[in-house]
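Chemist: One structure, as C-alpha cells, below. Some questions next.
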Amino acid sequence: MSAVLKPKSKLIVCDGNEAAAWAVSLANVDMVAVYPITPQSSLVEYLAKFIADGRLSSEIVDVEGEHSVLSVLQGACLAGARTYTASCGPGLAFMFEPYLRTPGLRLPLVMTIVTRDTLTPQSVWGGHQDAMSVREVGWVQMYCESVQEVLDTTIMAYRIAEHHDVMLPVNICHDGNYLSFGAARCELPDQGEVNEFLGEKDVNWHVALDPQRPMAVDPLTGGAGGPGPSTFVRYRKGQCSGMQNSLKVITEVHEDWGRRFGRHHAPLIESYRMDGADYAMVTIGSMTGAAKDAVDEARARGEKVGLLKVKTYRPFPAEAFATALSDVKAFGVVDRSVSFGWNCGPLFQDAITAMQYAPRRIPAMSFIGGLAGADLTVSHFERVIGRVKELARDGHAAETVWLNEKD
Amino acid sequence: MGAAYETIHFKAEACDGCNDCMTACAMAKTQTEEHLHSRIQIVPSGEGFELAICRQCGDPKCVLNCPAAALSKNAGSGVVDWDGSKCVNCLLCTVGCAYGGIAYDSIASHVIKCDMCEGAPACVQACTPGALKHITTARIYNEAGKLEDLFAPGLSGCQGCNTELIMRHALRRIGPDVVVATPPGCIPGMGSVGYNGLTGTKVPVFHPLLTNTASMLAGVRRQYKRAGRDVLAVALAGDGGTADVGFQSLSGAAERGEEILYICVDNEGYMNTGMQRSGCTPYGAWTSTTPVGERAHGKTQDAKNLPLLMVMHNCDFVATASTAFMEDLYDKLDRAIVAAKTGFAYLHIYSPCTTGWRFPSDQNVEVARKAVETNFVLLWEFNPADGLQFTHPVENARPIDEYLEVLGKYRHLDPDQVAHIERSLANNLARIRGFAAAEGTASAEAGRA
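Going down the list, the sequences are from chains A and B.
At position 141 of the first sequence (counting the first as 1) the number is 172 in our numbering, and the numbers step up by one without a gap.
At position 190 of the second sequence (counting the first as 1) the number is 188 in our numbering, and the numbers step up by one without a gap.
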C-alpha cells in the first residue's frame, strides 16, 4: 500500500461498515435494499444517512426481511439497476432462496457479508461460518484484511461482477466486530476517478424485464427425454466459465486499481515473506494482520516462516495457491469457521484440494480459531508457527487444533 | 368486428308501479311531469307491470318502415335516432315496433322515443325499487374486444380453466407496457412463462420464487420509476403463493405502498401440483392433503380472508371479483390499474377450478355465479378514502346447498359440516357488512368535518 495520499483523495478515519457505505456512494449504485442485523446494522445506518444527506443518490428500500432484500435487488437489476446490500449470519440464511438463484440468473449483484458466526449456540459475534456456508452456491467471494481494503474491494466488485466475461454476483466479506467496528485511516478516492475506473453501468444486457425488449425470464426447462437437461447443462457450464473467468478479471481489475489509485491489493492470494520459507501459515480475513506480526517476529528470530493470505476464496485460485506453497515442507491453515463432517476448517479443505497441483505431497494441518468473536492474537499465531514447524520436521499432522478452546 | 350496445333492463317482479320513471323521463325531456311525454311507459298487466320502451334494436323495424329517413341506427352509440326535421308523421314506425318503443305524443304532435339520455338514463336513476337497470356490459366487448390478447394461443390449461380466462382478460386490459410476474402455480404451469425456450406470453414475464413475487416486482417498478419510465408491475399469482409462503413479501410490499398491481387468482389450493390444501382452502373441502376417509372429512379450518387482510394494510385499492360478473371485474381492474401507478393495488379473483373442485368443465361461470349468489363469495371493493363498499350486494342469498352440491370436493359433507359452513358464511357476511357500515360512517363524518 502506498503511504502517499493521491492528490484528489480525501483522508478519513472510519470503520469497515462506514468504508463499505462510502464505496457504495462512490460506485453510483441505483438501488439499495436492506434489513438491519448485527453486526451489519451500522452499515445500513450509514447508507440511510448518506442518502438523507444527499451524498448518495441511490434509492434505499427498507424491506421486511433479507429474503425480500435480494428479491427487490434481483427485480431492480433485471430492470437495469446497479445494486447493493449487506447481511450476515441468520439474515444470510433467511435470504438463501433468492441467494441461491442469483448466480444462475447471472445478475451482477454486490453484497457485503459482515461475517458472523451462525446459530446455535446463540451468538452475535464475528466468525466466517455464515459466508463459508454459502461458498458452493456460485457467488464470487473476496475476504478483506483491512478497512481500506473493504472500501477499495467494494468499488472493484462492481467492475468484476459486471464484466461481460463474468456476470456473477460478488460477496465482499469483512469480519464482524474486527473490521465492521474497528476504525482505521482510510483514503477516499476521488468521485471522478472512480467513475472513470468503473465506466458505464451495463447490468442487464443479457437478461432483462423490459417492455422495450420483451422476453421470458427463466422459463421452465423440461426433464429427461427432451432438450431440457442439455439446456440446463449449458447454463451450468456457462456459470462455471464465468466463475473461472473471474480469476483473470479480478487480477486485471486489482492491477488497474493499483495503477490508478496507488494501492496494490493482492487480487487472489498474497504471499507474505515467503522467500525461502521452509513452512507457512495460510490465513483469511482480518486475522492476517496479527499473523503477519507473528511471522515478522519469527523471522526476526531467524525462523524461515512465511504467510499466504487468501483474498479470493471463490473461485478458489488453486493453481496460484499450489505454486506459492510448492517449496515449503509443511503448512498450517487457520480457519475462522468449521467444516462439519470433515472435522477441520473449510479453507483447509480447499487448500489440500488445491495442493493436487503441487509436485509432491506437503504435510498440512488445520487450525480453527476466532469463532464467536474470539480474538486471534500474535501469540495464537506463534502457537501455529510452532506446531507447523514440528510438522515440517516430523511430517506428522495432528488432529485439528482449536485455538481459542482454552483462552 | 361489430359493436355491442347498451340497453335498459326491466326486472318486472321488482316494479311496484310507482311511475317515478315516467315522471323523471317527462321532466328530462320536456321539463313537465306529464306522463304522456315519457319515452318509457309502465303498463299494468295482470298482477304486475310490463315495460314499453325502445330496445334500440340491432335490426330496427321502425327504421326499415320509415319512408322519410327520419329514423336511423347510430353506429357509434347504438341508439335509434329520430330526426324531427325529416319526420312526416306517417306513424309507420309505430306499426313496425313490437315493443311499444316509439309512440305518438298527442300533445307534442309527433312520435317520441327513448334516446338513452346520453348514457345516463333518468328513468333508471329515478327507479327506487331497482326494477330498471342500465346494462352497460357491452362496453367490455367494445372497449376490450379489439385489444390484443397478450398470451399466445394454446396455453396448456385444463379444459374450461377459469384462471386462463382471468389471465387473458386482465392482460388484454393492462396492455403491453408491463412486466408480469407469475410465481410457480397454474399460471406458469400452463406455459405462460414458457417451456424449453418457448414462451406463452408476448410481454416481459418471469417466474419469481413462490415466496418473493411482490418484492421482486417492487424492485422492477422502483428502477423504472427511477429511470422515468411508467412500466406497470403486475403479479398474476395463485392463492397458495399469496396467502401462505409468499405472504411476508406481499405484506411488506403492501405496507411500503409499493406500486404494484397484485392479482391473486384464488382457486382455493395448490391446484397445479395436484390439489393440495392452502390457507385459502375453505372448511370441509377435500384436497389431496385434506383427504376424506373414515376419520378425516376434508379441511378442518376455515380459509383465511386474504382480501380483508389486505384492507388491513390500508392498500390504495383492494377488491374481490368473480368471472361471473365481468363488468364488475373490469371496473375493478380499471381502478386497480390506476391505483397501481401510485400505490399497492390488490385484486382477489375467485377462480373455480374444474379439475381440483371436481365439476364439469362447462359449468365454470355457473359455479362462479352460484358462489356469489349464495354469498359464499362477497363482491366488494375498498380504498382508503371511501372505505369498503359492496359492489354486488346479495340480499336474499340462495341456500348454500345450491353451491356445495355442484362441487365434488364437498360431496362428503355431513349436516354438521354444512352447518359450520353456514355459520362461517354468516359471520363473514356480518364482518364485511360491519366494515362497510363503519367505513361509510367514518367517511361521512370526515366529510362533515
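Here a beta-carbon is modelled for each residue, glycine too, at the ideal position from N, C-alpha and C.
Between the segment 103 to 115 of chain A and the segment 234 to 245 of chain A, are three or more C-beta pairs nearer than 8 Å?
Modeler: Contact between the segment 103 to 115 of chain A and the segment 234 to 245 of chain A is present, because at least three Cβ pairs lie under 8 Å.
Chemist: Going by beta carbon distance, what residues of the same chain come within less than 8 Å of Gln275(A), once the five residues before and after it are set aside?
Modeler: Pro346
Chemist: Between which two residues does the alpha helix (DSSP H) holding Cys108(A) run?
Modeler: 97 to 109
Chemist: Going by the beta-carbon positions, is the gap between Val409(A) and Ala308(A) smaller than 9 Å?
Modeler: no
Chemist: Does any residue of chain B bring its CB to less than 9 Å from the CB of Thr185(A)?
Modeler: It does not: the Cβ of Thr185(A) has no partner Cβ on chain B nearer than 9 Å.
Chemist: Would you call Val415(A) buried or exposed, if buried means 16 or more other Cβ atoms sit within 10 Å of its Cβ?
Modeler: Buried: at least 16 other Cβ atoms inside 10 Å.
Chemist: How would you list, in chain order, the residues of chain A whose beta-carbon sits under 8 Å from the beta-carbon of Val176(B)?
Modeler: Pro242
Chemist: Are Leu208(B) and Ile172(B) closer than 9 Å when you measure CB to CB?
Modeler: No. Outside cutoff.
Chemist: Chain A partners of Thr353(B), CB-CB under 7 Å?
Modeler: Neighbours of Thr353(B) on chain A: none; closest Cβ ~20 Å, over 7 Å.
Chemist: Against Val191(B), what residues of chain A qualify as contacts under a CB-to-CB distance less than 9 Å, listed in chain order?
Modeler: Simply Ala247, Val248, Asp249, Pro250, Leu251.
Chemist: Residue ranges of each beta strand (DSSP E) run of no fewer than 3 residues wholly in the segment 281 to 359 of chain B, ordered along the chain?
Modeler: 315 to 320, 343 to 348
Chemist: Does the beta-carbon of Ser359(B) have 16 or more other beta-carbons within 10 angstroms, so that it is buried, or is it exposed?
Modeler: Residue burial is scored here from C-beta neighbours: Ser359(B) has fewer than 16 other C-beta atoms within 10 angstroms and is therefore classed as exposed.
Chemist: Starting from the beta carbon of Glu128(A), find every residue of chain B whose beta carbon is closer than 7 Å, and list them in chain order.
Modeler: Leu207, Thr209
Chemist: So that I know if they touch, is there some Cβ in chain A lying closer than 9 Å to that of Leu62(B)?
Modeler: no
Chemist: Checking contacts by CB at 9 Å: is Lys339(B) closer than that to chain A?
Modeler: no
Chemist: Could you compute how far the alpha carbon of Thr185(A) sits from the alpha carbon of Cys204(A)?
Modeler: 10 Å
Chemist: Roughly how many angstroms lie between the CA atoms of Thr431(A) and Glu167(A), to the nearest whole one?
Modeler: 23 Å
Chemist: Shorter than 9 Å from the beta carbon of Glu95(A) to some beta carbon of chain B?
Modeler: Glu95(A) has a beta carbon lying within less than 9 Å of a beta carbon in chain B.
Chemist: State the DSSP-derived secondary structure class of Cys45(A), mapped to helix, strand or coil.
Modeler: Assigned with DSSP and collapsed to three states, Cys45(A) falls in strand.
Chemist: Given a threshold of 16 other Cβ atoms within 10 Å of its Cβ, counted over all protein chains shown, does Asp46(A) qualify as buried or as exposed?
Modeler: buried
Chemist: What does the Cβ neighbour count give for Tyr328(B), buried or exposed, with the cut at 16 atoms within 10 Å?
Modeler: When all chains shown are included, Tyr328(B) counts as buried.
Chemist: Only counting runs of 4 or more residues, tell me where the alpha helix (DSSP H) segments fall wholly within the segment 377 to 406 of chain B, in order along the chain.
Modeler: As far as the segment 377 to 406 of chain B is concerned, its whole alpha helix (DSSP H) runs of at least 4 residues are 399 to 402.
Chemist: For Asp412(B), name the three-state secondary structure that DSSP assigns.
Modeler: coil
Chemist: In chain A, what lies closer than 8 Å to Tyr222(B) by C-beta?
Modeler: Ala110
Chemist: Leaving out five residues on either side along the sequence, give the residues of the same chain with a beta carbon under 6 Å from the beta carbon of Val60(A).
Modeler: Ser89, Arg113, Tyr115
Chemist: Does the Cβ of Gly157(A) have 16 or more other Cβ atoms within 10 Å, making it buried, or fewer, making it exposed?
Modeler: buried
Chemist: With DSSP as the reference, please indicate the residues paired to Tyr303(A) in a beta bridge.
Modeler: For Tyr303(A), which the question treats as bridged, DSSP gives the partners Leu338(A).
Chemist: With C-beta atoms as the reference, is Thr287(B) less than 9 Å away from Glu266(B)?
Modeler: No. Outside cutoff.
Chemist: Strictly below 7 Å CB to CB, what residues from chain B border Gln105(A)?
Modeler: The answer, in chain order, is Met214, Gly217.
Chemist: So which residues of chain B does His98(A) contact, with C-beta pairs closer than 8 Å?
Modeler: Thr209, Asn210, Ser213, Gln246, Ser247
Chemist: Would you please state the rounded distance, in angstroms, between the beta carbons of Val280(A) and Val197(A)? I believe it to be under 8 Å.
Modeler: 5 Å
Chemist: With contact counted as at least three CB pairs below 8 Å, one residue from each stretch, are the segment 393 to 408 of chain B and the segment 364 to 378 of chain B in contact?
Modeler: yes
Chemist: Among all the DSSP beta bridges, which residues are the ones paired with Ile9(A)?
Modeler: What is shown of chain A runs 32 to 438, which leaves residue 9(A) out entirely.
Chemist: When you compare the CB of Arg254(B) with every CB in chain A, is at least one pair closer than 9 Å?
Modeler: yes
Chemist: With C-beta atoms as the reference, is Lys297(B) less than 9 Å away from Arg333(B)?
Modeler: no
Chemist: Output needed in chain order: residues of the segment 196 to 209 of chain A with a Cβ under 8 Å from some Cβ in chain D.
Modeler: Note that chain D does not occur in the displayed structure, where the protein chains are A and B.
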